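Visitor: Supplied in structure tokens, the structure appears directly below.
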Amino acid sequence: MAAHAGGLTATRAVRVQGLARAFGTRTVLNGLDLEIRAGEFVALLGRSGSGKSTLLRALAGLDRGVSGAGLVDVPENSSVVFQDARLLPWQRVLDNVVLGMSGSDADARGRAALAEVGLAGRERAWPSELSGGEQQRVALARALVSEPHLLLADEPFGALDALTRLRMHELLRELCDRHHPAVLLVTHDVDEAVTLADRVVLLDDGRVAVDLAIDLPNPRSHRQPQFLAYRESLLRSLGVTPTEG
Amino acid sequence: MTASVLVRPRTKADAAPARKARRRLGPGRPLRFGAAVGPLVLLALWSIGSAAGWLDSRTLSAPWTVVTTARNLIAEGRLQDNLIVSAQRAGLGLLLGVLVGTMVALVSGLSRWGEAILDGPIQIKRAVPSVALIPLLILWLGIGEEMKVITIALGVFVPVYIHTHNGLRTIDSRYVELGEALRLRPAVFLRRIVLPGALPGFLLGLRFAVVAAWLSLVVVEQINSTSGIGYMMELARQYGQTDVIIVGLVLYGLLGLLSDGAVRFVQRRALSWRRTLAD
Ligand SMILES: Nc1ncnc2c1ncn2[C@@H]1O[C@H](COP(=O)(O)OP(=O)(O)O)[C@@H](O)[C@H]1O
Ligand SMILES: [Mg+2]
Chain G
186 MAAHAGGLTA TRAVRVQGLA RAFGTRTVLN GLDLEIRAGE FVALLGRSGS GKSTLLRALA
246 GLDRGVSGAG LVDVPENSSV VFQDARLLPW QRVLDNVVLG MSGSDADARG RAALAEVGLA
306 GRERAWPSEL SGGEQQRVAL ARALVSEPHL LLADEPFGAL DALTRLRMHE LLRELCDRHH
366 PAVLLVTHDV DEAVTLADRV VLLDDGRVAV DLAIDLPNPR SHRQPQFLAY RESLLRSLGV
426 TPTEG
Chain A
379 MTASVLVRPR TKADAAPARK ARRRLGPGRP LRFGAAVGPL VLLALWSIGS AAGWLDSRTL
439 SAPWTVVTTA RNLIAEGRLQ DNLIVSAQRA GLGLLLGVLV GTMVALVSGL SRWGEAILDG
499 PIQIKRAVPS VALIPLLILW LGIGEEMKVI TIALGVFVPV YIHTHNGLRT IDSRYVELGE
559 ALRLRPAVFL RRIVLPGALP GFLLGLRFAV VAAWLSLVVV EQINSTSGIG YMMELARQYG
619 QTDVIIVGLV LYGLLGLLSD GAVRFVQRRA LSWRRTLAD
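Okay, structure coming up:
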């Protein structure tokens, strides 16, 4: 993986150039370029197996041992949210949030982060005592408590039921408006991408096939005609014939 | 999403027609003092057998004889003295074995080189009962306390190593990845992820280790000992005192039970985050 050059300007959070990744003989990413501005919310769409997770793991520096090339420039201070909440079952909720933080104010910041995701009062609970949605909110708190410049999320809501997912969309939007991290959200859900993102990037054949700015006012609704237009165009790029949703 | 889904009134459970209760697959709620039931039954059978004269007192003394003998032994101070000596041996051996077993498991679990060097010899040692090493240990260390403590420690070391090592190696790799994503310092990674992750394995190993410590104790105390419960029993054998032997056996049993109970207590407290079949 390329060094963190630290040459990022104030307005650019992520720069990826000519990124290639392969598992054995199978090339997954091939000459991929991507830039994300500071504070920009980018959704990454792509068919299953198109390499979304591979790209995210490359940005997170979690792909040791994977052969590849290219330049990856990301902020030192970045956080990852996984599809599973990935809380340590043997640590209470608050300890999970402040995991790895040092300093005397760690606990206070952890409590504040939990309050932000609506879990004030659950600090002393065990992760197994929380519902799936609550666990994922703890994971969000853990990711944001360090005030990251970049938030990397790999289908964070994929395992949640539809209603909980809608609530989580609202929460994520709120948190991002408050903390302004750059976000790369991997998803296979076109609606989720159009609802949340400033820009949608579509991965195909190992590179960025579509790069679409979503110019819609917030809050967004599925009933807006432009929403449906974005949705249809993305679905078509994914090779799906759109139906009335 | 339509609003009606959100406001639909919940049907009350008790308004539903009575249904056959669903069969539960777990063992159910724990019994109070459940652990005491089996031993009490045994004690009752023993008492009945003695009172009815089915048990010859030279074969197996009656429970009340054993109690009187125990009282006499306590009055003479022999029981306490021997118990303290035995407990010290077992405790020292246990401590040594647990410390070494844990350290070696950490080294072998956290580094491939450590595993390559250490794991093989330990697996070989595992195949040799530590009791079988006693002749060699006597040649090396004599018949003093060192030999006894080392024999106990060797018996303790193996289960602690095996289970702690296994616990370490089965820590979910996703938690390791989490540690990397959070850029945890190695010390924090060890304290927050590795050690708690290996704790269930370690505690299981400890339960075996405690039993192993008492087992080894019995053996080493009956070889060339001049103190300890085992010595007291060996002496009683020479004089044909069945009751003293039984006092010794009951003591061993109680010690084993108590120490296992202590480890299980620690286990419950330390692993309260786990929800298992037994809950
Ligand atoms: N550790 C791995 N070893 C071998 N192949 C892998 C590994 N991880 C991913 N792949 C392959 O790389 C391709 C892209 O995977 P991934 O990035 O997970 O896709 P996506 O997240 O878009 O569904 C898939 O074909 C997958 O089988
Ligand atoms: Mg994926």
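First to last, the protein sequences are chains G and A. Mapping the first sequence onto the working numbering, position 239 (from 1) lands on 424, and the numbers just tick up by one. Mapping the second sequence onto the working numbering, position 159 (from 1) lands on 537, and the numbers just tick up by one. Where is the CB? At the ideal position from N, CA and C, for every residue including glycine. These figures come from a predicted structure and were not determined experimentally.
Answer yes or no: do ARG206/G and LEU219/G have a C-beta to C-beta separation smaller than 8 Å?
Guide: no
Visitor: Could you give the first and the last residue of the continuous beta strand (DSSP E) run that contains ASN215/G?
Guide: 211 to 222
Visitor: To the nearest angstrom, report how far apart ALA198/G and ARG363/G are at their CA atoms.
Guide: 17 Å
Visitor: Taking just the CA atoms, how far does VAL597/A sit from GLY608/A?
Guide: 8 Å
Visitor: Run through DSSP, which three-state label would VAL566/A get?
Guide: helix
Visitor: Under 8 Å, do SER551/A and THR529/A count as touching if we go by C-beta distance?
Guide: No.
Visitor: Who are the Cβ neighbours of ALA591/A in its own chain at under 7 Å, not counting the five residues just before and after it?
Guide: Sequence-distant Cβ neighbours of ALA591/A in its own chain, meaning closer than 7 Å and more than five residues away, are ALA468, GLY471, LEU472, ILE530, GLY533, VAL534.
Visitor: For PRO274/G, return the contacting residues in chain A, with the cut-off set at a CB-CB distance below 8 Å.
Guide: The answer, in chain order, is TRP651, ARG652.
Visitor: Output, in sequence order along the chain, the residues in the stretch 306 to 320 of chain G whose CB is closer than 7 Å to any CB in chain A.
Guide: The stretch 306 to 320 of chain G vs chain A, Cβ under 7 Å: TRP311, SER313.
Visitor: Locate the alpha helix (DSSP H) running through ALA510/A, then write down its first and last residues.
Guide: Where ALA510/A is concerned, there is no enclosing alpha helix (DSSP H), given that its DSSP letter is neither H nor E.
Visitor: For ARG242/G, which residues of its own chain have a beta-carbon under 6 Å away from its beta-carbon, when the five flanking residues on both sides are left out?
Guide: ASP248
Visitor: When Cβ atoms are compared, which residues of the stretch 337 to 370 of chain G fall closer than 8 Å to chain A?
Guide: ALA347, LEU348, LEU351
Visitor: Have a look at the DSSP bridge pairing and note the partners of VAL597/A.
Guide: VAL597/A is not bridged to any residue.
Visitor: Apply the 10 Å Cβ neighbour rule to HIS407/G and answer buried if 16 or more other Cβ atoms are within range, or exposed otherwise.
Guide: exposed
Visitor: Alpha carbon to alpha carbon, how far is GLY343/G from ALA297/G? Give it in angstroms, no decimals.
Guide: 26 Å
Visitor: Going residue by residue through the stretch 398 to 457 of chain A, where are the continuous alpha helix (DSSP H) segments of at least 4 residues, counting only ones entirely within it?
Guide: 412 to 429, 441 to 454
Visitor: Using a C-beta cutoff of 8 Å, does GLY285/G count as contacting chain A?
Guide: yes
Visitor: So if DSSP puts SER263/G in a beta bridge, which residue, or which two residues, is it bridged to?
Guide: LEU335/G
Visitor: So what does DSSP say about SER252/G, is it helix, strand or coil?
Guide: strand
Visitor: In terms of residues, what are the limits of the beta strand (DSSP E) holding LEU388/G?
Guide: Start and end: 384 to 389.
Visitor: Do THR480/A and ligand 1 come close, with the Cβ less than 7 Å from some heavy atom?
Guide: Because no heavy atom of ligand 1 lies under 7 Å away, the Cβ of THR480/A does not count as near it: no.
Visitor: I think VAL415/A touches VAL628/A, with their Cβ atoms under 8 Å apart; what is that distance to the nearest whole Å?
Guide: Incorrect: roughly 18 Å between the Cβ atoms, too far for contact.
Visitor: So within the stretch 261 to 341 of chain G, which uninterrupted alpha helix (DSSP H) runs reach at least 4 residues, ignoring any that extend past its ends?
Guide: 278 to 282, 291 to 301, 317 to 329
Visitor: Per DSSP, what are the beta-bridge partners of VAL628/A in this structure?
Guide: In the DSSP assignment, VAL628/A is bridged to no other residue.
Visitor: Could you have a look at VAL375/G and say whether DSSP puts it in helix, strand or coil?
Guide: VAL375/G: helix per DSSP, three-state reduction.
Visitor: Compare the C-beta of LEU247/G with all C-beta atoms of chain A and state if any pair is closer than 8 Å.
Guide: Chain A, which has a Cβ nearer than 8 Å to the Cβ of LEU247/G, makes this yes.
Visitor: Taking CB distances under 8 Å as the criterion, tell me whether ARG570/A reaches chain G.
Guide: Interface residue, yes.
Visitor: What residue range is occupied by the uninterrupted alpha helix (DSSP H) comprising VAL227/G?
Guide: Unbroken run through VAL227/G is the beta strand (DSSP E), 226 to 231; no alpha helix (DSSP H).
Visitor: On the three-pair Cβ rule with 8 Å, is the stretch 303 to 313 of chain G touching the stretch 328 to 342 of chain G?
Guide: No, they do not touch.
Visitor: Residues of chain A with CB under 7 Å from ARG271/G, in chain order?
Guide: ARG552, LEU556
Visitor: For chain A, check one thing: does any of its Cβ atoms lie closer than 8 Å to the Cβ of VAL265/G?
Guide: yes
Visitor: Could you pull out every residue in the same chain whose Cβ sits closer than 7 Å to the Cβ of GLY295/G, ignoring the five residues on either side in sequence?
Guide: The residues are LEU279, VAL282, VAL283, VAL330.
Visitor: Run through DSSP, which three-state label would GLN645/A get?
Guide: Here GLN645/A sits in helix by DSSP.
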